[in-house]
Each structure stands twice: as structure tokens, then as C-alpha cells.
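These protein sequence lines are chains E, F, P and H, in that order. Residues in the first sequence are numbered from 1 upward in steps of one, following full-length UniProt numbering. Residues in the second sequence are numbered from 1 upward in steps of one, following full-length UniProt numbering. Residues in the third sequence are numbered from 1 upward in steps of one, following full-length UniProt numbering. Residues in the fourth sequence are numbered from 1 upward in steps of one, following full-length UniProt numbering. Remarks on the structure that follows.
4 protein chains.
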Amino acid sequence: MKKGLLQRLDEGVVIGDGGFVFALEKRGYVKAGPWTPEATVQYPDAVRGLHREFLRAGADVMQAFTFYASDDKLSNRGNKSSAKYTCRGINDAACRLAREVAEEGDGLVAGGLSQTPTYLSGMSKADTQKEFQKQVDVFVENKVDFLIAEYFEHVEEMVWAIEVCRKSGLPVVASMCIGPDGDLHGITAGECAVQMAKAGAHVVGINCHFDPFITLEGLRKMKAALDAAGLKVHLIAQPLAFHTPDAQKQGFIDLPEFPFGLEPRICTRWDMHRYAREAYDLGVRYIGGCCGFEAYHIRAVAEELAKERGKLPAGSEKHEQWAGGLKMHTKPWVRARASRQYWENLCPSSGRPFSAAMSKPDAWGVTAGDSSLKQKTTATTEEELTSLVKPGKVANGK
Amino acid sequence: MKKGLLQRLDEGVVIGDGGFVFALEKRGYVKAGPWTPEATVQYPDAVRGLHREFLRAGADVMQAFTFYASDDKLSNRGNKSSAKYTCRGINDAACRLAREVAEEGDGLVAGGLSQTPTYLSGMSKADTQKEFQKQVDVFVENKVDFLIAEYFEHVEEMVWAIEVCRKSGLPVVASMCIGPDGDLHGITAGECAVQMAKAGAHVVGINCHFDPFITLEGLRKMKAALDAAGLKVHLIAQPLAFHTPDAQKQGFIDLPEFPFGLEPRICTRWDMHRYAREAYDLGVRYIGGCCGFEAYHIRAVAEELAKERGKLPAGSEKHEQWAGGLKMHTKPWVRARASRQYWENLCPSSGRPFSAAMSKPDAWGVTAGDSSLKQKTTATTEEELTSLVKPGKVANGK
Amino acid sequence: MKKGLLQRLDEGVVIGDGGFVFALEKRGYVKAGPWTPEATVQYPDAVRGLHREFLRAGADVMQAFTFYASDDKLSNRGNKSSAKYTCRGINDAACRLAREVAEEGDGLVAGGLSQTPTYLSGMSKADTQKEFQKQVDVFVENKVDFLIAEYFEHVEEMVWAIEVCRKSGLPVVASMCIGPDGDLHGITAGECAVQMAKAGAHVVGINCHFDPFITLEGLRKMKAALDAAGLKVHLIAQPLAFHTPDAQKQGFIDLPEFPFGLEPRICTRWDMHRYAREAYDLGVRYIGGCCGFEAYHIRAVAEELAKERGKLPAGSEKHEQWAGGLKMHTKPWVRARASRQYWENLCPSSGRPFSAAMSKPDAWGVTAGDSSLKQKTTATTEEELTSLVKPGKVANGK
Amino acid sequence: MKKGLLQRLDEGVVIGDGGFVFALEKRGYVKAGPWTPEATVQYPDAVRGLHREFLRAGADVMQAFTFYASDDKLSNRGNKSSAKYTCRGINDAACRLAREVAEEGDGLVAGGLSQTPTYLSGMSKADTQKEFQKQVDVFVENKVDFLIAEYFEHVEEMVWAIEVCRKSGLPVVASMCIGPDGDLHGITAGECAVQMAKAGAHVVGINCHFDPFITLEGLRKMKAALDAAGLKVHLIAQPLAFHTPDAQKQGFIDLPEFPFGLEPRICTRWDMHRYAREAYDLGVRYIGGCCGFEAYHIRAVAEELAKERGKLPAGSEKHEQWAGGLKMHTKPWVRARASRQYWENLCPSSGRPFSAAMSKPDAWGVTAGDSSLKQKTTATTEEELTSLVKPGKVANGK
């Protein structure tokens with residue numbers, strides 16, 4: 001009998017997995033733009049393989065690949081996935097794949113909800129909750145170990161999601177894609193945490209949209225507000241693996257590099273050592289990753305916390321800590337790099353002399369209710385596209 | 001009956017696959033340092049999965065994962081892989097995995113040799129060729145479609161490898177890990193090409209060690225020398241997917257970021273469009289990648305050359321060319337990025353304000369025969385390690 | 001009869017001059033380290049010449065070059081200037097040079113005080129005010145138009161200076177070298193402004209230590225606090241002409257580049273157009289510069305505010321606004337740059353591929369009273385120097 | 001009786017002065033665009049003051065401020081200087097100012113010629129030499145110590161200038177504004193040197209257009225060619241004080257930052273120590289600077305070569321070598337920077353997170369004879385200006 005999420009959090013650290021949409025996009029199984037997870041039905045081997053990488057890297061949670069797997073999203077702007085594969089079919093396959101790999105180790109399975117086009121289109125609470133309920137029904141049927149409502153930009157919608165989740169009787173994790181500046185309606189990060197906890201979430205925190213260190217700034221504010229309100233819940237961090245010091249309120253979506261030019265921002269494994277340590281010291285006990293987090297990033301988290309967890313991940317078979325494997329390298333000057341000091345102090349160069357350190361984000365400042373955010377089942381036309389490109393707006397180039 | 005390599009090259013473009021050691025290291029199946037491919041025996045699903053990604057991305061060649069799979073390498077500096085899995089076992093498994101995936105499409109299987117510790121240790125031609133012969137025997141038994149001798153720093157050893165390969169009767173591809181400045185014994189890139197062609201290679205060129213654009217500079221020199229010598233062979237390019245404008249003669253190995261801090265140097269898919277076009281225009285007909293090249297990079301090569309090849313890769317099902325999929329994105333300002341002009345002009349920022357554009361390479365200047373390069377079956381001791389770290393040498397950090 | 005400072009501020013904008021110590025250091029007339037102004041006695045032509053450049057650039061104020069011209073500073077750490085030239089002699093010469101040039105136009109003469117080693121050494125209010133009084137006596141004898149107490153890191157000492165200045169009956173300007181985070185004793189920028197105003201300063205604000213834009217952030221806080229306290233005073237900004245986004249509380253002194261490697265941070269004239277506009281819009285009416293500000297920076301301020309002032313500076317004879325003079329350039333592509341749009345959008349490259357965008361400041365966190373800050377008349381010995389260099393501390397280099 | 005140039009070069013090192021047009025532009029006395037030196041008549045104090053700074057910094061040569069002081073240039077594109085001040089008047093005043101300051105020390109006076117609009121307009125040798133002759137006549141009347149023909153982009157025009165100069169009987173220095181790639185007609189740097197020497201120049205070399213280190217690369221080629229041709233002449237280097245690793249054949253004029261955004265490229269004094277040492281080691285004996293070189297840069301050259309010259313410059317009174325003056329700084333962490341090691345290893349940050357390391361030069365590729373380069377006495381019209389701005393061309397900004 002496996003221990004449940006809450007018991008594990010009470011006793012120590014739970015390591016989450018990394019991001020699926022970005023990793024599978026690069027592998028050819030997810031389309032950037034809609035970002036929907038019909039791959040669970042179309043390419044189950046690829047999804048299973050990625051779960052296995054994270055399990056091996058030390059993840060305690062197999063999060064079913066159900067990001068954006070709601071009917072309204074699967075049929076947005078010309079996406080035909082809902083019609084071809086059904087929301088139910090995609091969610092169901094995702095749960096089975098996650099369970100299969102979880103059983104290969106001591107993993108837990110989580111079913112995940114995320115924000116909906118229905119809410120962004122300004123529709124009602126009932127309409128929005130109906131979308132959530134359809135997914136939760138499948139999760140309950142598949143006996144997932146807990147639910148995770150993540151990637152919400154508005155705490156109002158998040159609270160609606162938590163309400164739906166709590167009715168299942170399962171533990172509920174609630175994680176918003178916000179930074180230290182709070183949600184897109186201007187509600188502070190601290191107040192978001194308080195509302196999530198009061199709505200019944202057992203674990204609250206932040207995922208996606210910002211790099212590990214900005215995410216932890218947000219969590220610091222959440223923790224202070226929760227303490228001030230006398231609320232006892234666990235904290236979760238699942239940040240990007242991209243450096244975003246220049247992102248504004250809306251996170252990496254606004255950066256000119258999103259989503260096809262983010263490479264120079266990818267965090268190293270050493271960044272993740274630092275992230276894991278700082279998160280742990282802050283009191284975060286559910287520590288994972290989101291977009292950009294690959295297996296080696298999760299492994300770095302697990303290696304940093306090896307002492308606290310009393311074990312190394314399976315994947316450390318192929319990774320001696322702090323670059324120890326380089327002692328086996330042919331070239332003597334690479335062997336000379338087999339030390340913690342070397343890598344902890346490295347400030348890696350970009351090899352891109354025409355690129356700058358920071359970008360100026362797009363900052364359209366539109367949010368839930370704005371007509372440009374409304375769900376549409378038809379594809380974007382060339383005319384609509386042209387109307388979006390601001391005259392005089394140039395790319396980040398030279 | 002599939003067309004063979006040489007016929008394909010005569011008729012058009014052959015797209016190679018990407019890099020295995022770096023991709024599988026991140027996934028947890030290869031150890032950085034020895035970089036040896038015992039994963040073919042230990043984790044066949046992971047290797048098969050990566051082959052499939054490249055096939056789907058448009059690769060015409062499944063290169064058996066036999067990099068550094070020679071007995072001397074598998075037992076170098078404390079590596080026990082040779083003893084546990086045998087050189088023969090690893091090579092054999094590699095061929096079978098590559099063949100299995102090749103049969104799922106129209107792929108060819110290549111068996112690969114690379115430079116040996118035997119040569120670097122200053123041993124004889126006979127000793128070195130014996131290492132090669134052991135691998136070639138397995139490739140021939142497995143009926144690979146052609147042989148590829150790649151990642152050689154010295155043309156002398158390369159010629160020895162070609163001699164062994166030619167005895168098999170199979171087409172021979174010869175690819176050195178050099179840049180425009182030539183091999184590590186000071187032989188020019190042009191002269192290397194001439195020697196490879198005269199030794200009997202059907203295809204000659206460059207892989208690894210430098211970014212796509214520096215690699216093409218090297219190929220330009222090779223082409224000029226081959227033309228001047230009246231030699232008719234095909235050209236191959238399989239560069240890094242890391243920007244290396246600052247690398248010196250020995251390539252990215254010398255950069256302070258090698259191998260665990262290369263993230264900010266990773267090429268975007270748009271860099272690969274440019275690479276594919278420039279390679280094609282130069283007359284290179286075997287166009288692939290090496291370390292750092294993932295499926296989405298190969299897909300970009302295949303998409304750039306879609307017209308020349310008369311087809312898109314299977315993986316383009318999940319990737320509308322030039323960011324077309326972004327038309328389905330929720331945020332209007334991201335939809336506004338759904339154009340070639342946007343991405344072609346983007347100069348991506350690093351998000352790393354404390355990092356510079358370029359690094360100063362280590363430049364130890366030792367090469368074949370130097371005692372520090374000699375094969376050793378025992379592990380590197382702490383004393384040896386300490387002796388390698390130059391006093392006063394600091395990392396690239398601040 | 002010239003209008004006085006306060007009348008001018010009530011009626012419009014007053015433009016200050018730029019920095020003397022940095023400009024004259026580069027010209028060979030001031031020594032970096034002590035930074036004391038004995039040049040007024042030694043090299044009057046050089047000082048006069050610099051005043052003239054600022055007058056011509058549009059400055060309304062000739063600030064007598066009396067920075068750090070107090071007895072305690074002139075005899076600190078091996079400096080012999082006090083003995084050779086006397087504090088009185090230096091201050092007196094400074095006033096006469098400023099007056100001479102001011103009379104060539106419509107300029108006002110200001111006598112300036114700055115923070116003292118006496119205070120930093122933890123000595124008494126009486127001791128500190130005695131140092132100030134000696135300078136003020138000379139200023140009054142020389143009939144300066146107003147007094148300016150500037151470059152104070154602690155508002156406590158500033159208040160003492162204001163008290164001494166007010167007794168003269170002259171208008172008093174009070175300007176601290178702090179940023180948005182307040183003074184070195186942890187007093188907020190807003191509270192500093194309030195204390196300065198309450199102590200009787202007619203104009204309060206910020207000079208030195210931070211770039212124009214961070215300085216304006218600090219002024220925004222000062223303004224808010226003054227408004228909240230119902231205090232009516234004018235505002236002054238005299239920032240650095242160096243970009244300092246990475247400076248912490250103690251400003252550019254802490255940056256590894258101070259004082260001999262600041263070149264890549266120097267602001268362009270276009271930065272100063274933006275500064276002048278933003279300062280004016282914020283309500284700042286005394287707009288000048290400090291270290292790094294040269295005549296062309298002041299001219300840019302005057303050109304940006306030409307409409308508000310109803311005139312261009314004399315120096316615009318040699319500078320058509322917004323690069324208009326480039327129409328006379330030989331090369332056609334340089335003529336093509338003769339536009340505001342070109343220069344307003346330029347993000348100038350550094351030409352330094354091994355340098356980063358930002359530095360990590362030294363942050364010793366010592367302040368008034370710390371033994372390492374105490375005044376000493378003897379020179380720093382090699383032993384003292386060695387004890388200051390932290391083991392393992394490396395420069396910002398590679 | 002002062003020693004002449006050639007004797008001084010035979011016996012040791014001659015230090016040149018720095019740049020006048022850029023320094024005086026910033027001070028308000030020269031207009032960028034035409035860059036002509038009527039300030040010698042209009043603002044003699046300012047010109048005299050700058051000469052004095054260079055003399056004090058260690059310069060052995062006072063180069064009369066006659067850059068571009070030819071009739072055709074003084075009346076180009078709306079410039080009225082020729083009419084108001086006459087070519088003769090400007091050159092005459094320049095000689096007298098240089099002589100006056102030279103007499104304050106052991107300085108030599110040089111009269112300078114530079115390339116002409118007449119040549120660029122495609123006019124005849126006779127026409128071009130006539131322009132030169134007018135200036136040389138004034139120099140001879142003023143008894144300058146030697147002539148310097150500098151800032152020539154085409155060796156053909158340079159040879160014509162040397163011919164005119166040689167007839168005066170004075171020593172002739174010939175310095176082209178080219179880099180390692182040679183002149184704008186495609187003649188190699190080595191061949192340019194040979195032609196200059198054969199035409200009778202006593203000293204040949206390079207000034208302006210490139211940074212010190214690229215300039216020295218060019219001189220290395222010149223030296224090799226002169227040696228190969230058995231020609232014995234002295235070498236001169238007078239580079240920019242701006243980093244230009246990204247400049248192409250035409251130098252810094254092509255960089256998007258020219259001339260009003262070059263600040264982040266300004267060399268530090270430590271760069272100049274390295275420059276002086278490398279120039280000396282290469283055998284260059286006339287070592288000075290051009291645009292961007294201020295007194296403190298020249299002083300750094302003189303300090304680096306103090307041992308070779310047996311003396312420090314007068315200006316070192318205010319500059320203890322290798323930052324020794326910082327021992328007198330108040331802050332202990334700044335005192336800790338009083339060492340050669342600190343400054344030699346510093347890689348200064350730009351404080352500009354939105355700027356890149358390198359720019360892409362404009363590269364119009366037009367040269368002598370092209371209609372867009374022709375001399376015109378009328379001002380550039382708005383229509384002409386518009387026709388120059390390439391559609392779609394954006395500044396280097398973001």
C-alpha cells in the first residue's frame with residue numbers, strides 16, 4: 001500500500017515531474033499553439049517513455065498528461081482534437097499511461113485540470129465548472145491518487161476548480177501560473193494563496209510562467225500571507241526551466257522568444273540544484289517543474305535533496321553527482337572540471353554575440369473577458385492575423 | 001527494395017539523424033564523461049524511442065548507436081561497460097534497434113566507428129585497426145546499409161579506419177570532428193578531405209565539435225580542395241546544435257561550458273532552417289546533426305528542404321511550417337507571431353544578465369601521443385584530478 | 001540683476017552642470033582615490049575650461065568645484081593637499097573660477113558641501129558642523145548665489161549640513177547620493193526628503209551613485225512622501241551618466257567597475273533626452289548631472305527642454321538636434337541616420353563579447369562608524385591593503 | 001634644439017596624441033557630420049586646452065588640428081566654414097596653437113592632411129594634389145616639424161598625398177584608415193604599406209576606423225610585407241579608442257552606433273596598457289591614438305612604456321600607476337582594488353541588459369567614384385534623405 005500525497009508531504013519532500021508539452025513538442029508529438037494532449041491516444045509510447053524518464057529521474061508523481069484536455073480547449077480556433085479523440089478518451093488514456101509507469105516504481109498518479117477558454121471567454125461559473133467536472137469524472141473513475149488544478153491566471157477560476165475537485169474527496173493541489181505580482185485581475189500572490197487554501201486546497205503554490213527564482217519570490221509572498229492568516233497548507237513549486245528575469249506580470253508568454261526561441265534561456269542542472277535548495281529552505285515540500293523541465297533537471301533536484309530523501313534517484317546510475325563522471329573523460333582539461341566548485345561558479349556564455357541578455361515583453365494587458373481572448377471554433381484567418389500585428393512592431397532582431 | 005545511400009545522394013538530399021549521447025544523457029540513459037552506448041543493451045526502449053523521433057522528424061538514416069563502442073573505450077578510466085556488456089553485445093544490439101525503426105519507414109541503417117583511445121595513446125596502426133575491425137565485423141553480420149567513420153580528430157587515424165571499412169564492400173562515409181583550421185596535427189581541412197577521398201571514402205565531411213555555420217566554413221574549404229584535386233565525392237555535414245563562435249581548433253570540448261553548461265548555446269529551429277539552406281546551396285547532400293541536435297532540429301532541416309525532397313516529414317503533422325500552429329494560440333499577441341518574418345528576424349535573449357556572449361576556451365594544446373591522453377583502465381584518482389586543475393584558474397563565473 | 005535660484009525654479013527649469021571629478025581625472029587634473037579639488041589652485045585654466053563647456057551646453061549653474069574640499073578630507077590617508085593648498089585657498093579659488101565663467105553668461109554660482117570623513121569616523125555633530133562652517137564661510141565671503149549640500153549617504157549628517165547652510169541666509173539645495181532604497185542607515189528615500197525639507201532646505205533631491213532612471217525612481221518616492229507630508233519644496237536630480245541597473249544600496253561605488261572600468265556603462269546623449277523628459281514630467285525643476293556627465297550630456301538635457309525654456313543652448317551651434325548634422329556626412333548610410341527615430345530606437349552594442357550586461361556588486365555593508373571607514377592621515381600600507389582583499393575573491397573577469 | 005621625429009624614432013618610442021574631433025564634439029566645439037576644424041579659429045582656448053591635456057599625458061607630438069581642413073571639405077553639403085574662415089585661416093591657426101603648446105614641453109608639431117571629397121568624387125590626380133598643396137603650403141610657412149598624411153581609405157590617393165608632402169623636404173608620416181583586409185579598392189594592407197614606403201613615406205601605418213587590437217593585426221600584415229620587400233621604414237599606430245570586433249572593411253563608420261551611440265565601446269585605460277605593450281613588441285615606434293582617445297588613454301600608453309622611455313608623463317602626478325591612488329579611497333572595498341591584478345582581469349559589464357555584444361554593420365559597399373559619395377556644396381534635402389533610408393531597415397534597437 002503506497003503512502004498518499006499528504007502523508008508524504010507531512011513526512012518529507014515530494015518531487016514532481018517536469019513539463020510534457022514542451023518536451024513532446026520537440027520530439028514531434030505535440031503541436032505548439034493549441035498545446036493539447038491528444039498524444040496520449042495517438043502516441044502512447046512517446047508519452048509513456050517521458051513518464052519513465054521522470055520516474056527514473058526521481059519524480060514521485062506521474063502527472064497524467066491532461067493539460068488543456070477540456071472540451072472547449074480541444075475545439076478552440078480550428079483544433080479538431082475534441083472531435084477526433086474526445087475529451088474523455090484523451091483523459092482516460094492519460095490516466096492509464098501514468099498509472100502504468102507509476103506502478104513501475106513508488107509513484108503516485110495525479111489528474112490535472114487547467115484554466116479554460118470558457119472562463120477566458122467570460123462565461124458563467126456553472127459553464128466553467130461543467131468543463132472541470134467532465135475531466136474530474138474521468139480521473140475518479142481511473143482512481144488517481146490526487147487532483148492538481150494548475151496553470152490558472154485568475155484566482156476566481158481557480159477557486160471554482162477547487163470546489164469541483166474537493167467534491168471528489170481526493171487530495172487537491174492548487175497551483176497558479178502567476179509571479180510575485182499576483183493574478184491577472186490584480187489580486188496579490190498572498191491573497192491568491194489565502195483564497196486557494198480557504199477554498200479547500202491541501203497544497204497551494206505556483207507553476208509555469210516564471211523561472212525558478214522568481215517563482216520562489218512569489219511563494220515567499222504566499223507563505224507570508226498564509227502564515228498571517230493562520231492557514232496551514234503545504235506549498236508547491238513547479239516553475240519553468242527558462243530564465244525569465246525580464247518577464248512581466250504575464251510571464252514567459254509575453255517574451256518575444258515564446259515559444260520557439262527560448263533555447264538560450266534554458267536552465268542548467270546547476271541552476272536546479274540551487275532552486276531545489278532554496279525551495280526546500282523556504283519550506284516548499286512539493287518541488288517539481290513545468291515547461292522546459294526535462295529529466296535531467298528533475299534528477300538535479302533529486303540529487304540536491306538526496307540527503308533529505310535518504311536516497312538518490314535511479315537515474316543517478318548514469319550521473320555521478322557534481323560532474324563526477326567527467327573523471328572518465330578522455331581530455332585532461334575536461335577531467336579538471338569534475339568538481340562542484342567549477343560548475344557552481346560557471347556563468348555560461350551564450351555563444352550569441354548579436355543577442356542581448358534581456359528582452360522587452362509584449363504587454364498587451366488584455367485578460368479574461370477581452371474579445372481577443374474569446375473561444376472560437378474556427379481557425380484564425382489571415383485577416384485576423386494581420387490585424388494583430390502592430391504596425392512598426394519589429395521582432396527582437398537586428 | 002530500398003534505394004542505397006549513394007543512389008539517394010546522387011538523386012537528391014539525404015537527411016541524417018541527430019545526436020544520441022547528449023539527448024540520452026539528459027534522459028538518464030548515458031553517462032557524460034565516458035559517453036559510451038551500453039544503453040543499447042540496458043535501455044533498448046529509450047534508444048528505440050529516440051530513433052523513432054528522428055525517423056518521424058525526417059531522418060533517412062538510422063545510425064546505430066555505436067559511438068565510442070570499441071573495447072578500448074569501454075574499459076577506459078574505470079569504465080566497466082566492456083566487461084559487463086561486451087563490445088560485440090553493444091554493437092549488435094545497436095544494429096538491431098536501428099534496423100527495427102528503419103523498417104518502420106524508408107530508413108537506411110548505418111554502423112558507426114569513431115576515434116579510439118588506442119590511437120590517442122600512441123599505439124600502432126595494426127592495434128588501432130584491430131579495434132575498428134571488431135566493430136565492422138558486427139556491422140557486416142547485421143547487414144547494415146553503409147558504414148560511417150566519424151568523430152576523428154586526426155586524419156591519419158581516419159585513413160586507417162577507412163581502409164578497414166572499405167574491405168567490407170559497403171559504402172563508406174568519413175566525417176571528421178574538425179573546423180576550418182583542420183586536424184589536430186595541423187593538416188588543413190582541405191587536405192583532410194583529399195586524404196579521405198583518396199583512401200576510398202564515398203562521402204566526406206565534418207561532424208560534431210562546431211556549430212552549423214563554422215562547420216560549413218570547414219566544408220567550403222574541403223570542397224575547394226576536392227575540386228582542385230579533381231576528386232568526386234559527396235559531402236556530409238553533421239554539426240553541433242550549439243553556437244560556438246568562440247571555439248578554437250579543438251571545438252566545443254575546450255569551451256568552459258562543456259558539457260554541463262551548454263544550454264544558452266542551443267540552436268533554435270530557425271537556426272536550422274538557415275543551416276539546411278546554406279548547406280544545400282554549398283552542395284552538401286548528406287545533411288544531419290550531431291550533439292545537441294534533437295528531433296525538432298532535424299524536422300526543421302526537413303521542412304526547409306521540403307520542396308527539394310518533394311515531401312514533408314511525418315512529424316510536421318504536429319508542426320505547421322514557420323510557426324503556423326501559433327494561429328491556434330489563446331493569446332492574441334502570440335497569434336501575431338505566426339509568421340516566418342517574425343522568427344527569421346528574432347535575435348533571442350539569454351535571460352542571463354550575468355553571462356557574456358563568448359567564452360575563452362581552455363587551450364591545452366595536447367594531442368595524440370601526449371601522456372595525459374593515454375588510455376588507462378583504472379579510474380582517475382583525486383591526486384590526478386588535483387594535478388589537472390591549474391592554480392589560479394577560475395571558472396567562467398562571477 | 002540676475003534672477004535668483006528660487007525665482008528661476010518657480011518660473012521654469014534650471015539646468016545644472018555635470019561632473020567635475022571624473023572629467024578632470026580623465027584630463028589629468030584630479031587624482032582618483034582622494035578625488036579632491038586642489039586643481040582649482042593648481043590648474044585653474046583646466047577648471048575654467050570645464051565650467052565654460054557646461055555654460056555653453058546650457059547649464060544655468062556654475063557649481064564651484066569644492067567637492068570634498070574640507071580639511072578632514074584633504075588630509076585623509078596620505079593626501080597632502082590640505083597642507084599644501086589649504087582648504088580655504090581651494091574653496092576660494094573655486095568660487096572665483098565659477099564666478100568668472102558665470103559672468104560670461106546668465107549663470108548662478110553655487111558653493112557646495114559634501115559628506116565628511118569626520119562624520120564617517122563617528123565623531124560628534126559639533127565636529128562635523130565645524131568642517132562645514134569653514135567652507136560656508138568662504139562661500140559667503142565670495143557672495144555665491146546659493147549653497148548646495150550634496151553627496152550625503154546619511155540623512156543625519158545632511159540635516160546637520162543644512163542647519164549650517166541655513167544660517168548663511170542663502171537658498172539651500174540638499175541632495176543625497178541615495179537610491180530608491182534610502183540612506184545607509186536604512187531611512188527611506190521618502191523620509192530623507194521629509195527630513196531635509198523640515199531642516200529648511202529649499203530644494204531637495206538626489207545626486208550621484210545611480211543612473212538617471214534609478215535616480216528618478218528615488219525622486220518619485222521623495223515626491224510622494226513630501227506630498228503626503230504637505231511639504232512644498234523644489235526637487236533636484238543630478239544623477240550619474242553611467243548605467244547602474246545592477247547597483248545595490250550603495251550605488252556605483254560597489255560595482256566592480258568603479259572607478260576605472262566604467263566606460264561601457266556611459267550613457268549616450270539619447271539616454272539624456274529621455275532622462276530630461278522623464279524628470280520634467282515628474283516635476284523635477286533642477287535637472288543636472290554628476291559623475292560621468294559631460295557637456296554633451298547637459299546639452300542633450302537643454303535640447304530636450306528647449307521648448308520649455310524657450311531657447312537652445314549656445315553649444316547647439318555645433319549640434320543640430322536629433323542628429324541633424326549627419327546630413328553633412330560624406331557617407332550616404334551615415335546621412336541615413338540623421339533622424340530622431342534612428343537614435344531613439346538604437347540599442348547600442350558593447351563591442352565586448354567577453355563582458356556581461358550586469359555585475360555583482362561588492363556588498364560589504366559597512367557604514368558610518370565602522371573602523372574601516374575612519375579617517376586616517378597616514379597612507380594605506382601594503383599590509384592594510386592585503387587584509388582588505390578577500391581570499392578567493394576574483395575580479396569580474398574571465 | 002629639439003630632436004626631430006626620425007631621430008626620436010631611431011632612438012626609442014614616440015607617443016602620439018589622441019583624437020580631436022570626437023573630444024571637441026562632446027565639449028561643444030566641433031559639429032559631428034562635417035567634422036571640420038574651424039574651432040581653431042572660433043574657439044582657440046578649447047583647442048589649446050586639449051593640446052595641453054595630451055602634452056601632459058605624455059604625447060611627444062602636437063598634431064595641428066587640421067583634419068579635413070581642405071577647401072573642398074569645408075564647403076561640402078551645406079558646410080559654410082570655408083567661406084567664413086578660409087582654409088588657409090583654419091590651417092594657420094591650427095599650426096600656431098600646436099606650436100604654442102609644443103613649446104611648453106619637448107613637443108613636435110605635425111601638420112596633417114586627410115582624404116578629400118575631390119578624390120572621392122572621382123576627380124583627377126592634379127585636382128586632388130592641388131587640395132593637398134594648399135594645406136602643405138601653410139604647414140611649411142608655419143615651420144611644422146613633420147607632415148602626416150592620415151585617414152586615407154585608398155592607397156592611390158595616399159600616394160598622391162605623399163608625393164606632395166615629400167616635395168616639402170619634411171619627414172613624412174603616412175597612415176591609412178584601413179584594417180587587416182586592406183583598402184577600399186581591395187588592395188591588401190601589406191601592399192598598401194609597400195606602396196606608401198616606395199612613394200617616400202618615412203613612417204607608415206594605420207590610424208582610426210578600428211580598435212587597437214584589430215589595428216595591430218593590420219600592422220602585422222604591413223610589417224610582414226615591408227620585411228618581404230626589404231623596405232626599412234618606421235611604423236605608426238593611431239587606432240580608435242572604441243572596441244570594434246564586429247566592424248567590417250570600412251570600420252566603425254559602418255557600425256550602427258556611429259557616431260552618437262559608441263559609448264559602450266569606449267576602451268578603458270587598461271585596454272591601452274595592453275595596446276601599448278603589444279604595439280611596442282610588434283616593433284611599432286610611433287604609438288598614439290585617434291577618435292575616442294582622450295588624455296587618460298594616452299597617459300596609459302605613456303605609463304606602460306615608462307621604462308622604455310625612462311620617464312613618466314607629467315599627468316602621472318595625478319595617477320599612481322595601476323590604480324595606486326585608490327589606496328586613498330574612503331571605502332575599504334575600493335582600496336582593495338588598488339592592484340594591477342584586479343584591473344588587468346576585469347571584464348567590465350555594460351549595465352545595458354537590452355544591448356548585445358556585437359552589431360551588424362551597414363555594408364553599402366560604395367567607394368570612390370560612386371555618385372552617393374560625390375562632393376556637393378548644397379545641403380542634403382529631405383527627399384535625398386528619405387531616399388537613403390532603406391525600407392524595412394530598422395535601427396539596432398528592440
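Each residue gets a CB set at the ideal place from its N, CA and C atoms; glycine is no exception.
Can you check whether the C-beta of residue i is within less than 8 Å of a C-beta belonging to chain P?
i	result
proline 353/F	yes
histidine 329/H	yes
Does the CB of residue i have a neighbour CB from chain H at under 8 Å?
i	result
alanine 363/E	no
aspartate 45/P	yes
valine 21/P	no
Is there at least one Cβ from chain F nearer than 8 Å to residue i's Cβ?
i	result
threonine 244/E	yes
aspartate 10/E	no
tryptophan 160/E	no
alanine 357/H	yes
isoleucine 178/E	no
lysine 360/P	yes
proline 37/E	no
State the beta-bridge partners of residue i as determined by DSSP.
i	result
phenylalanine 152/F	Met176/F
methionine 62/H	Val109/H
leucine 235/F	Val204/F
phenylalanine 146/P	Ala110/P
isoleucine 90/F	DSSP lists no partner for isoleucine 90/F.
alanine 161/E	BP columns for alanine 161/E are empty, so no partner.
alanine 356/H	Ala356/E
Use the C-beta contact count for residue i: other C-beta atoms within 10 angstroms, 16 or more gives buried, fewer gives exposed.
i	result
alanine 363/F	exposed
aspartate 227/P	exposed
alanine 94/E	buried
glycine 218/P	buried
proline 391/P	Because the pLDDT of proline 391/P is 49, which lies under 50, any placement of that residue in the model is unreliable, and the number read from its coordinates should be weighed accordingly. When all chains shown are included, proline 391/P counts as exposed.
Nearest chain E C-beta to residue i closer than 8 Å, yes or no?
i	result
alanine 247/H	no
threonine 268/F	yes
What runs of the alpha helix (DSSP H), each 4 residues or longer, lie entirely inside the stretch 187-219 of chain H?
-> 189-198
Is the stretch 15-35 of chain P close to the stretch 17-37 of chain H, with three or more CB pairs under 8 Å?
-> Pairwise C-beta distances place the stretch 15-35 of chain P out of contact with the stretch 17-37 of chain H, as fewer than three of them are shorter than 8 Å.
If you pair each beta-carbon of the stretch 347-356 of chain F with each one of the stretch 348-357 of chain E, do three or more pairs fall below 8 Å?
-> yes
Are three or more beta carbon pairs between the stretch 235-249 of chain F and the stretch 173-188 of chain F nearer than 8 Å?
-> yes
Kindly confirm or deny that the stretch 114-126 of chain H and the stretch 363-380 of chain H touch, where touching means at least three C-beta pairs closer than 8 Å.
-> yes
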